[in-house]
Each structure stands twice: as structure tokens, then as C-alpha cells.
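There are 2 protein chains.
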Amino acid sequence: MSAEAKSTGYSRSTEDYLKAIYELETPGSPVQTSAIAEALDVAPPSVSGMVKRLSESGLVEHMPYRGVRLSESGRRAALKMVRRHRIVETYLTQKLGYDWDSVHDEAERLEHAVSDELIERMAMALGNPRYDPHGAPIPSRSGLIEEQDLLALSDVPVGSMAELRMVSDRDPELLRYIASLGLKVGVAFEVIGRQPFKGPVTIRLPGKPPREQAIGHELADALRCWELEGEVG
Amino acid sequence: MSAEAKSTGYSRSTEDYLKAIYELETPGSPVQTSAIAEALDVAPPSVSGMVKRLSESGLVEHMPYRGVRLSESGRRAALKMVRRHRIVETYLTQKLGYDWDSVHDEAERLEHAVSDELIERMAMALGNPRYDPHGAPIPSRSGLIEEQDLLALSDVPVGSMAELRMVSDRDPELLRYIASLGLKVGVAFEVIGRQPFKGPVTIRLPGKPPREQAIGHELADALRCWELEGEVG
DNA sequence: TCCCAAATTTAGGCTGGCGTAATTCTGGGA
DNA sequence: TCCCAGAATTACGCCAGCCTAAATTTGGGA
Chain A
91 MSAEAKSTGY SRSTEDYLKA IYELETPGSP VQTSAIAEAL DVAPPSVSGM VKRLSESGLV
151 EHMPYRGVRL SESGRRAALK MVRRHRIVET YLTQKLGYDW DSVHDEAERL EHAVSDELIE
211 RMAMALGNPR YDPHGAPIPS RSGLIEEQDL LALSDVPVGS MAELRMVSDR DPELLRYIAS
271 LGLKVGVAFE VIGRQPFKGP VTIRLPGKPP REQAIGHELA DALRCWELEG EVG
Chain B
91 MSAEAKSTGY SRSTEDYLKA IYELETPGSP VQTSAIAEAL DVAPPSVSGM VKRLSESGLV
151 EHMPYRGVRL SESGRRAALK MVRRHRIVET YLTQKLGYDW DSVHDEAERL EHAVSDELIE
211 RMAMALGNPR YDPHGAPIPS RSGLIEEQDL LALSDVPVGS MAELRMVSDR DPELLRYIAS
271 LGLKVGVAFE VIGRQPFKGP VTIRLPGKPP REQAIGHELA DALRCWELEG EVG
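Top line first, the protein sequences correspond to chains A and B. The first sequence: position 52 = 142 (our numbering), numbered continuously. The second sequence: position 110 = 200 (our numbering), numbered continuously.
Below you can see the structure in the form of C-alpha cells.
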């Protein structure tokens, strides 16, 4: 009966679940209950309960004991949340001086409170950006998102040039660290070595004297790159 | 057990109640249950229930059947919400092109989601404003608020000059209307007449040809003014 | 002083969302 | 094919907040 000026019309919790499911979805397989539980830091039975409500609302398709998939309307709502999150992050960094490692939590709360109008005004003020500060593509107002086909740094062949295109916004520590290395979205570098058995990747970073830097495997897995055309010897 | 990055540490609902009570409080008398119920658009028994919780948390002092008063900590939290609300309103109008009649609802939601840091960054970007777009004073970070001693337009003596200083942000219709008259905070005018029995107040507004304008009693009650020194014949 | 209307509180219920404990299903290994 | 570990679900309970209906209190007028 209550109006709820939320503009997705769904509860905060529902919005969180939809976004989490969207982010966990891979084209092939449904998202498992336990994965959602971990992502949202709730107990698995809580997820079962919410999944039931979501599927009754037609937001997800539930295959018992198998997992869930977003329905069309679920995906639309999820992409709306993703757009909000990324525009807010971009706005905070560009207009209010936030560092890229500190915007995630703020955006996580604001995405539930902003109206469509505010988001569009922020987007306008930013010149309708296509990527957020971590390189993630911003879905369009109509819910289209660019599918990027990026390579983990750990998979870039030794000897090639690559450009950092995207990093998860989740881990501030990690973001601070890679920023301290001079790495940010758009920086190109050469991959000059990789040790086997999940050993570090070594890259050469541009600079007055180019700098070689070892990147641990876990980190190298989190850095998404474009392999650049011209190879370097 | 959950951390709650809310920074007041209270629930959305609690924040709403505290702010409402603050705004209904008058130095002398406690705030009645029914007044809170009306302000928040909930049923009186819901207020009784919440008041019980608030008083158990030490945020209000409850005098059964008489009403409630904010405690020190309750007042501090309420003023924090007021500061947030007013800074958000100011930010939206000054930096994102909102009109003064459309910021209230947006601020009403954002005030619960923003962090202290975001508020301070907004305030900084605005040059630490002292008043919001409707002329209401913005509490300082430490919780001090300027007490203004303003006169309703309906109480300004006929013949004097006055300046509009403050209007409630609650009614967009009213705000649009007075803006359409060319009235905004800071505009000075002369009170040239007032009809008895809650009749209209007539004012003379500055302009290429000064304009006379009748203001209904209800509206005249909502416009808070300074009486200016120099009288005019 | 008594009584009634209005305000308030209590009683009892509901929903969303979370938790734990117990149960059920699934799929891979022996 | 059987069995079991792990995943998922069901069963049940809790709390915040809201509601309506039924007491209860209060204060002002006759």
C-alpha cells in the first residue's frame, strides 16, 4: 500500500540480492545458493527464503537444489543497480575528490537511495561516462552493458604489451596497492616474465627509468587487461 | 552484531523519528504522540511502540500520556540528520541543478545513506554554507544551530520593509508558487496592507515596475521574514 | 464533582529478513 | 549400485516496524 519512492520499487535487500546474482551469473550455469550467501554475508537458509520471494515476484527463476537465474525483469533491475553504483562511484571520484579505493562502500549505500533523476543528473554532469573509476562499463539508461573481453594479467602472454582496463572495486587494500605501483586504468606495460606454479608475473612499467615490477599470482588474476597490438621484443 | 556503516548507528526509522521529534519540539512542551504520528504518516500505536524503543535506548524521555522530549544524545543525532538533510538539499540545488521545490524528497532518502565523510565533502565543495536553499540554518558539524528569530509575514506590521528569510521545504507546490511570484530567500519587499479575519497580506515587490501582490493568510503564515530597519512611507 | 471525548497505550497480528537446527537432495567415489 | 559429504531446503524462532481493535488515562465542561 505504501508508495516507496525507491524507483526500482524493490526493497533494499531485494536490490542487493539481484545485483549479487547478476554479478555471480555466468552465461552457462545458474547461481548457487551458497555463492549468494557468501557474497551477501548471510546464512544459506536466508538465501533460500529470499530466493523463494524473488521467484514469486518473477525476478528469478529457481531450479530447486540447482540455483537461480535472473528473469528478464530481474536482470533489468540488477542492471539498474549496477548503473547506479558505477555512476555514483564515478561521481564521487570525479566531483568530490574520493580515491578509487574508498568509493565502493559509499556507493553501496547510495545506490539504494538515489532516484533515477539524480543518477541522470550525475551522469550528465560527468558527460555520460562509459566506465567507472575501476574500468567497469556503465550500463546505459536502457539497460545495455558493454561486454568486454578482457584477459587476466596472469594470462597475458610473456612478451606482449598490455593495458590495464579493469579492477574489481571490492578490495580497497588491493586498489591502494596497485595505485602505489603507478598502475591505474589505461596504463600500458610490457609483460616480461611469468613464473610457473602460480608464481609472480613480471611487468615493465613506463616511467623516466622504466620500472620492473613483480605481481603476485592472486593480484595478477584480478587485473583485467587488453593485449595491445604491437608486440615488443 | 552487524557493523552498520550508518554512522549514526541508528535505523532509518529511528533517524526519522528523532528528526521529526526535533522538528516538532518547542522549548516548553513535550511532543505528543499524535503529532509524531501525523508527521511520519503512521498510526499512533506505532508511535507508542517506537517511543518505547527510543526511550529504552536513551534517545528520548517519555512521560506517559504526556509526550516525549529528546535526550541529549537524541538531540545530537537529530541535529546530525538535520545537517545532512540541509547540506544535501544545498548540494543538489547548487551543484546538480535541482530546483528548490524538488530537493526535499531526494534529501529525505539520501540523509539516511550518506556517510559523515560525504557530507563533509559536500559541505566543503559548497564552501560550508550556513543556510539551505529555503533559508533554514545548517547545524554545524559539532551540532550547533543558529536560532533565528523570524516573523511570519502575517505578523509583519503594515508599512514596514521585510526580507524573506525562510520557507518550509515540505510543500513543493507552495515553493513553486512563491518562486513564480519572484519571491525567494533574500528578496526584500514592503508590506502595504493586511485584511482582517485572516485576510490576505498585500506586499510591494521590487521590479522594473514594482508589483503589488496579495498573499493569502495561510501562505503568509509560512513565510518567515526579517523586519528591515528602514521603514518606508 | 462527575463524566465524556480525545489522546494514548496495550493487546494481538502481520510481513520482511535474518538466524540455528534438523532434514532432504544430489552427485561422485568405491 | 550404494553410500556419504556437502549443498540446499524446511522448520521454527527472533526482531523491527507497522497495523487495527480494545482498554485506559486525561482534562475540560456541565
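Positions of the beta carbon are idealized from the N, C-alpha and C atoms, including for glycine.
Problem - DSSP state of P134 (chain A) mapped onto helix, strand, coil - result: Three-state result, P134 (chain A): helix.
Exercise for the section: May I have a chain-ordered list of the alpha helix (DSSP H) segments no shorter than 4 residues that lie completely inside the region 196 to 234 of chain B? Expected result: Taking only runs of at least 4 residues, the alpha helix (DSSP H) segments lying wholly in the region 196 to 234 of chain B are 206 to 215.
Exercise for the section: Could you spell out where the alpha helix (DSSP H) holding G164 (chain A) opens and where it closes? Expected result: E162 to L186 is the span of the alpha helix (DSSP H), which, as asked, contains G164 (chain A).
Practice task
Report the residue from A:M140, A:V132 and A:V158 whose alpha carbon sits nearest the alpha carbon of P117 (chain A).
Solution key: Distance from the Cα of P117 (chain A) is smallest, within the candidate group A:M140, A:V132 and A:V158, for A:V158.
Exercise for the section: Output, in chain order, the set of chain A residues within a Cβ distance shorter than 7 Å of E196 (chain B). Expected result: Residues of chain A passing the Cβ test: S205 and L208.
Practice task
Taking only beta-carbon positions, decide if G187 (chain A) is within less than 8 Å of chain B.
Solution key: Interface residue, yes.
Practice task
Tell me, to the nearest whole angstrom, how far the beta carbon of R260 (chain B) is from that of H175 (chain B); I am working on the premise that it is less than 8 Å.
Solution key: Not really, about 12 Å apart at Cβ, beyond 8 Å.
Handout entry: CA-to-CA distance, I111 (chain A) to S161 (chain A), given in whole angstroms
Key = One alpha carbon belongs to S161 (chain A), the other to I111 (chain A), and they sit about 11 Å apart.
Practice task
Measure how close the beta-carbons of F279 (chain B) and R294 (chain B) come, nearest whole angstrom, since I'm counting them as under 8 Å.
Solution key: The C-beta distance from F279 (chain B) to R294 (chain B) rounds to 6 Å, short enough to meet the 8 Å contact threshold.
Exercise for the section: May I ask which residues mark the beginning and end of the beta strand (DSSP E) holding R314 (chain A)? Expected result: Run containing R314 (chain A): L313 to E317, per the beta strand (DSSP E) assignment.
Problem - Residue closest to G306 (chain A), alpha-carbon to alpha-carbon, out of A:S244, A:Y100, A:E113 and A:C315 - result: Taking only the C-alpha atoms, the option nearest G306 (chain A) is A:S244.
Problem - Closest residue to R314 (chain B) among B:S145, B:S258, B:V172 and B:L271 (Cα-Cα distance) - result: When each option's Cα is compared against that of R314 (chain B), the closest is B:S258.
Practice task
Output the distance between the C-alpha atoms of E179 (chain A) and A197 (chain A), rounded to the nearest integer angstrom.
Solution key: C-alpha separation (whole angstroms): 6 Å.
Handout entry: C-beta contact flag for G225 (chain B) and V277 (chain B) at 8 Å
Key = No, Cβ-Cβ distance for G225 (chain B) and V277 (chain B) is not below 8 Å.
Exercise for the section: Tell me, please, which residues DSSP counts as bridged to Q238 (chain A). Expected result: Bridge partners of Q238 (chain A) according to DSSP: none are assigned.
Exercise for the section: With distances taken Cα to Cα, identify the nearest neighbour of G187 (chain B) among A:P290, A:L208, A:S270 and A:L234. Expected result: Checking every option, the nearest Cα to that of G187 (chain B) belongs to A:L208.
Exercise for the section: Taking only beta-carbon positions, decide if L213 (chain A) is within less than 8 Å of chain B. Expected result: Going by the sequence as given, residue 213 (chain A) is Ala instead of Leu. Not closer than 8 Å to any Cβ of chain B, the Cβ of A213 (chain A) fails to qualify, so no.
Handout entry: the region 285 to 304 of chain B contacting the region 233 to 241 of chain B, beta-carbon criterion three pairs below 8 Å
Key = Segments in contact, no.
Problem - Interface partners of H202 (chain B) on chain A, CB under 7 Å - result: A203, listed in chain order.
Practice task
Quick one: give me the first and last residue of the alpha helix (DSSP H) that T104 (chain A) is part of.
Solution key: Taken as a continuous stretch (DSSP letters only), the alpha helix (DSSP H) holding T104 (chain A) covers R102 to L114.
Problem - V150 (chain A) Cβ short of 7 Å to the ligand SAM heavy atom set - result: Inclusion of the ligand SAM in the displayed structure is not the case, the ligand content being empty and no account of it being possible.
Handout entry: Same chain only: Cβ atoms within 8 Å of E317 (chain A), ignoring 5 sequence neighbours per side
Key = Listed in chain order, the non-local C-beta contacts of E317 (chain A) below 8 Å within the same chain comprise L241, V246, P247, S250, M251 and A252, local neighbours out to five positions each way being set aside.
Exercise for the section: Taking 8 Å as the cut-off, decide whether the C-beta atoms of I228 (chain A) and I177 (chain A) are in contact. Expected result: Yes, they are a contact pair.
Handout entry: Simplified DSSP assignment, three categories, for V158 (chain B)
Key = If DSSP states are grouped into helix, strand and coil, V158 (chain B) belongs with the strands.
Handout entry: DSSP state of G283 (chain B) mapped onto helix, strand, coil
Key = Note: G283 (chain B) maps to strand in three-state DSSP.
Problem - Buried versus exposed, by CB contacts within 10 Å (16 or more), Y155 (chain B) - result: Around the C-beta of Y155 (chain B), fewer than 16 other C-beta atoms lie within 10 Å, and the residue is accordingly described as exposed.
Practice task
Determine the extent of the beta strand (DSSP E) in which L265 (chain A) is found, giving its start and end residues.
Solution key: No beta strand (DSSP E) holds L265 (chain A); the alpha helix (DSSP H) holding it covers P262 to S270.
Practice task
Could you tell me whether any Cβ in chain B is nearer than 8 Å to the Cβ of K156 (chain A)?
Solution key: The residue asked about is misnamed: residue 156 (chain A) is Arg in this sequence, not Lys. Answer no: the Cβ-Cβ gap between R156 (chain A) and chain B never drops below 8 Å.
Exercise for the section: Answer with yes or no whether the minimum CB distance from R199 (chain A) to chain B is below 8 Å. Expected result: It does: the Cβ of R199 (chain A) has a partner Cβ on chain B nearer than 8 Å.
Practice task
Run the CB neighbour count on P223 (chain A), radius 10 Å, all protein chains shown included, and call it buried at 16 or more, exposed below.
Solution key: When all chains shown are included, P223 (chain A) counts as buried.
Practice task
Go through its chain and collect everything with a Cβ distance to E200 (chain B)'s Cβ below 6 Å, but skip five positions before and after it.
Solution key: Looking at the sequence provided, one finds Leu at residue 200 (chain B) rather than Glu. Contacts found: V178.
Handout entry: Cβ-Cβ separation, A133 (chain A) to A127 (chain A) (assumed contact under 8 Å), whole Å
Key = Cβ-Cβ separation between A127 (chain A) and A133 (chain A): approximately 6 Å, consistent with a contact (criterion under 8 Å).
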